[in-house]
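Below is one structure, written out as structure tokens; comments come after it.
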Amino acid sequence: MPKKRKSGGRSKGSKGKPVTVHCAKCGRLVPRDKAKKKTRYQSVVDPKIYKDLKKQGAIIPKRQVIQYYCVKCAVHYRLVKIRSKDERKGP
Ligand SMILES: [Zn+2]
């Protein structure tokens, strides 16, 4: 069967089986090298309190949230786009 991508959409090479992660939207188990990683910075405090504190000039720490998405969800939520054959990386 012909392959759409040489790597199968992954970056593991000949490493063997990598760690699997859960998709943040649908919960599907995906290998970490295939999943789309998205880092967000979330405020520690409640958004309502955040506004008031910001007015007073307080420095509010932000928490880093790393989320993984499966390919299906990444396309649906427009993190990545479907590319045509000549736009894709590699053969
Ligand atoms: Zn998903």
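In terms of the working numbering, the sequence shown has 364 at position 25, counting the first letter as 1, and numbering is strictly consecutive.
Using N, Cα and C, we set each Cβ at its ideal position, and we do this for glycine too.
Helix, strand or coil at residue i [DSSP, three-state]
i	result
Val414	helix
Lys428	coil
Pro370	strand
Ile405	strand
Lys387	helix
Lys375	strand
Pick from the options that is closest to residue i, judged by C-alpha positions
i	options	result
Asp372	Lys364, Leu392, Ser350 and Val414	Ser350
Gly347	Ile405, Arg367 and Ala374	Ala374
Gln416	Ser353, Cys365 and Gln395	Before going on, a small fix: residue 416 reads as Tyr here, not Gln. Comparing Cα positions, the closest option is Cys365.
Val404	Tyr380, Lys354, Val369 and Met340	Tyr380
Lys356	Tyr389, Lys394 and Val369	Val369
Lys377	Lys354, Ala413 and Ile421	Ala413
For residue i: DSSP bridge partner residues
i	result
Gln381	Arg402
Query raised in the report: Just the residues with CB closer than 5 Å to a heavy atom of ligand 1, in chain order, which are they?
Result: Cys362, Lys364, Cys365, Arg367, Cys409 and Cys412
message: Closer than 8 Å is the cut-off here; do at least three beta carbon pairs connect the segment 398-411 with the segment 352-371?
response: yes
When you compare the segment 377-390 with the segment 399-406, are there three or more beta-carbon pairs, one atom per stretch, that lie closer than 8 Å?
yes
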